[in-house]
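>
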Amino acid sequence: MISEGEARSKILETIRPLPSRRLSITRALGCFAAEDYFSSLPLPNFDNSAMDGYAVVASSCSKGERLRVIGEQPAGGDRHLRVLAGETVRIFTGAPMPDGADAVVMQEDVTRNGDEIVINANVEAGEFVRRRGCDLAEGQKILAKGERIRAATTALLASQGLAEVIVGGHVNAAIISTGDELAKPGEKIAPGQIYESNSALLDALLQRSGAIVKAVEHCPDKRESLIDAIKRGTKNHILIISGGVSVGEHDLVKDALHELGAKIDIWRVAIKPGKPFLFGRTQQSQPSPQSSQRSARSRSREADATAPGEDAMTGRDYCFIFGLPGNPVSAFVTFLQFVRPAILKMMGATNLDLPHVPARLTVDLTNDSDRAHYIRGELEHGKFAPVGRQESHALFGLSQSNALLRVAVGESLKAGEIIDVQIWD
Ligand code: AMP
Ligand code: MG
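Heads up, this note's numbering is the position in the sequence shown plus 7, with the first residue counted as 1.
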């Protein structure tokens, strides 16, 4: 058994970012920039009016002043008008400021009589003028390599005239759930069976992490079926196998991976829940007529074709395999601590950590075990309270939680202490 930190380091050392690609900015949401981007245009890129109103020379305009309207400047062109003391230009939001004008009086503060206006407010220089470069200077960094592209980022790129952006690769993922006891939701359940819920959980977590779920299939605890399913799954960049990684006679994943010549880098980590976690890799299997056959219970999303990615380190195509324990909370915790950062790294992200915030603990907590313990809890109004049963099968408790607290081996925490909690929703 290795420590959680060692496991994470080993995974992140092994995994390399996928090759980058050029995408339309509207398709790049949630991707990570593969280059630094700098502004080529300042924002705003010319002095312009922040209001519909009248452009004036502030020093020549006190309250009650009469000014002659000498022209009109709408947005969308520059009429190169010039304003002198005693004059004004009718102007609209976003229109270029006429030469000589240094303020805009909004139209609500003006009475207009034919070619004249009377100013009903005090006017200060700079009022309602948006100066060139006041928001963003030319040459300023607007997006760093490895930064996530958010809604506002796409708008910022567009404001620079960019229609495309170079981003990290996309991660294709497959899920295999294993277990003879599992029934598919929507079908009838037999005595001794439970409904299969990890596929739904992992599918959601993969999507949330930015991966593309290409195939989801269920496999009974049969060595040959498992070998076939793994062959199909390893056409993708990553394969997640749920269940069957522990030590019982029905836990066949390790055996099947050995049979396929996969390299197992990690098995068993000092994390609670989630000890039987497995990480390994194999060369991506290529699509073949045999591997494209699916079991009756499989659900495939491969219509849009899987393009195997290349491992940048070796130039070979690898599929990284994550074996997660079948208990839902174990699968959840190990996904967030090990699979999510791996996906982010493959996508070219810089920050691989879950968001985390300080919170006040509401109870005393001690970890007497030999594994780091992840407590599921509710974070509300800056307070963290454990919620539900803290056992690896307790899915309802997990569903009530929105944050995780890591309690290190031997650590004792007191109610009222400020702790750091991870959030995922
Ligand atoms: P395993 O890791 O295969 O030994 O499974 C551990 C526990 O998790 C058992 O109680 C299983 O029934 C349960 N389990 C395994 N796979 C799933 C799944 N896909 N959905 C819900 N529960 C599961
Ligand atoms: Mg099982």
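Cβ atoms here follow ideal geometry from the backbone N, Cα and C, with glycine treated the same way.
Can you tell me whether G251 sits near ligand 1, meaning its C-beta is under 6 Å from at least one heavy atom of the ligand?
Here residue 251 refers to the residue found at position 244 of the sequence shown. Yes, the beta carbon of G251 sits closer than 6 Å to at least one heavy atom of ligand 1.
> Rounded to whole angstroms, what is the Cα-Cα separation between L267 and C226?
Position 260 of the sequence shown, counted from the start, is the residue given in the question as residue 267. Position 219 of the sequence shown, counted from the start, is the residue given in the question as residue 226. So the alpha carbons of these two residues sit roughly 16 Å apart.
> Does the count of Cβ pairs from the region 84-96 and the region 138-157 closer than 8 Å reach three?
Contact fails: fewer than three Cβ-Cβ distances are below 8 Å.
> Cβ of S232 versus every heavy atom of ligand 1: is any distance shorter than 6 Å?
Reading the sequence shown from its first residue, position 225 is the one you call residue 232. Because no heavy atom of ligand 1 lies under 6 Å away, the Cβ of S232 does not count as near it: no.
> Please classify G12 as buried or exposed, where buried requires at least 16 neighbouring CB atoms within 10 angstroms.
To locate residue 12, count along the sequence shown from 1; it is residue 5. Its Cβ having fewer than 16 others within 10 Å, G12 is exposed.
> Quick test of your reading: G251 and D228, contact by CB under 8 Å. State the CB separation rounded to the nearest angstrom.
Here residue 251 refers to the residue found at position 244 when the sequence shown is read from its first residue. Here residue 228 refers to the residue found at position 221 when the sequence shown is read from its first residue. Yes, G251 and D228 are in contact; Cβ-Cβ is about 6 Å, under 8 Å.
> Going by beta-carbon coordinates alone, are R383 and S408 separated by less than 7 Å?
Along the sequence shown, one-based indexing puts residue 383 at 376. Along the sequence shown, one-based indexing puts residue 408 at 401. Yes; because the gap between Cβ atoms is below 7 Å, this pair is in contact.
> Should A41 be labelled buried (16 or more other beta-carbon atoms within 10 Å of its own) or exposed?
Indexing the sequence shown from 1 puts residue 41 at position 34. Under this definition A41 is a buried residue.
> Measure how close the beta-carbons of T369 and A422 come, nearest whole angstrom, since I'm counting them as under 8 Å.
Here residue 369 is taken as the residue at index 362 of the sequence shown, counted from 1. Here residue 422 is taken as the residue at index 415 of the sequence shown, counted from 1. Right, their Cβ atoms sit about 6 Å apart.
> Taking its Cβ as the centre, do 16 or more other Cβ atoms sit within 10 Å of P365, making it buried, or is it exposed?
Reading the sequence shown from its first residue, position 358 is the one you call residue 365. Exposed: under 16 other Cβ atoms inside 10 Å.
> Taking all protein chains shown into account, do 16 or more other C-beta atoms lie within 10 angstroms of the C-beta of D262, making it buried, or fewer, making it exposed?
The sequence position of residue 262 within the sequence shown is 255, counting from 1. By the neighbour-count rule (16 or more Cβ atoms within 10 Å), D262 is not buried but exposed.
> Mind reading off the beta-carbon distance from T341 to P332? Whole number of angstroms is fine, and I expect it under 8 Å.
As a first step, residue 341 is located in the sequence shown; it is residue number 334 there, counting from the start. As a first step, residue 332 is located in the sequence shown; it is residue number 325 there, counting from the start. Yes, T341 and P332 are in contact; Cβ-Cβ is about 7 Å, under 8 Å.
> Across the region 203-215 and the region 150-167, are there enough close Cβ pairs to call them in contact, namely three or more that are closer than 8 Å?
Too few Cβ pairs lie closer than 8 Å, so no.
> Who are the near neighbours of S298 in its chain, counting only those whose CB is closer than 6 Å to its CB and skipping five residues on each side?
By 1-based counting over the sequence shown, the position of residue 298 is 291. Confidence in S298 is poor, its pLDDT being 36 and thus under 50, which makes the residue's placement unreliable; the coordinate value appears in the next sentence. If we look at S298 and ignore the five residues flanking it on each side, its Cβ neighbours are K238 and R239.
> Is it buried or exposed, H87, if we count other Cβ atoms within 10 angstroms and call 16 or more buried?
The sequence position of residue 87 within the sequence shown is 80, counting from 1. It is exposed - the Cβ of H87 has fewer than 16 other Cβ atoms within 10 Å.
> For E309, does the three-state DSSP call read helix, strand or coil?
Within the sequence shown, residue 309 is the residue found at index 302, counting from 1. Confidence in E309 is poor, its pLDDT being 34 and thus under 50, which makes the residue's placement unreliable; the coordinate value appears in the next sentence. Helix, per DSSP.
> If you pair each beta-carbon of the region 60-70 with each one of the region 163-183, do three or more pairs fall below 8 Å?
Touching, no, given that fewer than three Cβ pairs across the two stretches are closer than 8 Å.
> Would you identify the three-state DSSP class for H363, choosing helix, strand or coil?
Against the sequence shown, residue 363 aligns to sequence position 356. Strand.
> D5: buried (16+ other C-beta within 10 angstroms of its C-beta) or exposed?
In the structure as shown, the chain begins at 8 and stops at 432. Residue 5 is therefore absent and cannot be evaluated.
> Do D132 and A102 have their CB atoms nearer than 7 Å?
As a working note, residue 132 is residue 125 in the sequence shown. As a working note, residue 102 is residue 95 in the sequence shown. At residue 132 the sequence reads Ala, which differs from the Asp that was named. No, they are not a contact pair.
> Could you check if G281 belongs to the surroundings of ligand 2, using beta carbon to heavy atom distance under 6 Å?
On the sequence shown, residue 281 is found 274 positions in, with the first residue counted as 1. Checking every heavy atom of ligand 2 against the Cβ of G281, none is found closer than 6 Å.
> What is the rounded straight-line gap between the Cα of I425 and the Cα of G37?
Counting from 1 along the sequence shown, the entry for residue 425 is found at position 418. Counting from 1 along the sequence shown, the entry for residue 37 is found at position 30. Their Cα atoms are separated by approximately 32 Å.
> Beta carbon of G333: closer than 6 Å to some heavy atom of ligand 1?
Residue 333 sits at position 326 when you count from the first residue of the sequence shown. Yes - ligand 1 has a heavy atom lying nearer than 6 Å to the Cβ of G333.
> Can you find a heavy atom of ligand 1 that lies under 6 Å from the Cβ of S406?
Here residue 406 corresponds to residue number 399 of the sequence shown, with the count starting at 1. Because no heavy atom of ligand 1 lies under 6 Å away, the Cβ of S406 does not count as near it: no.
> May I ask you to check if the CB of G186 is nearer than 6 Å to at least one heavy atom of ligand 2?
Taking the sequence shown and counting its residues from 1, one reaches residue 186 at position 179. Checking the Cβ of G186 against ligand 2 gives yes.
> Sorted by chain position, which residues of the same chain lie with C-beta nearer than 8 Å to S376's C-beta, five sequence neighbours on each side aside?
Residue mapping note: residue 376 aligns to position 369 of the sequence shown, counting from 1. Contacts found: K279 and V416.
> Hey, how far is the Cα of I4 from the Cα of A338?
Nothing about residue 4 can be read from this structure; the chain reaches only from 8 to 432.
> Helix, strand or coil for E123 per DSSP?
Counting from one through the sequence shown, the residue named residue 123 turns up at place 116. E123: strand per DSSP, three-state reduction.
> Does D318 come out as helix, strand or coil in the three-state DSSP assignment?
Along the sequence shown, read from residue 1 onward, the residue named residue 318 stands at position 311. For D318, the predicted model reports a pLDDT of 44, less than 50, meaning its position is unreliable and no value from the coordinates is stated.
> Within its chain, find whatever has a CB closer than 8 Å to the CB of I9; leave out the 5 residues flanking it on each side and keep chain order.
Taking the sequence shown and counting its residues from 1, one reaches residue 9 at position 2. K17, I273, R275, V276 and A277, listed in sequence order.
> Sort R138, L359 and Q429 by Cα distance to L19 and report the nearest one.
For the purposes of this step, residue 19 is taken as residue 12 along the sequence shown, with counting starting at 1. The option with the nearest alpha carbon to L19 is L359.
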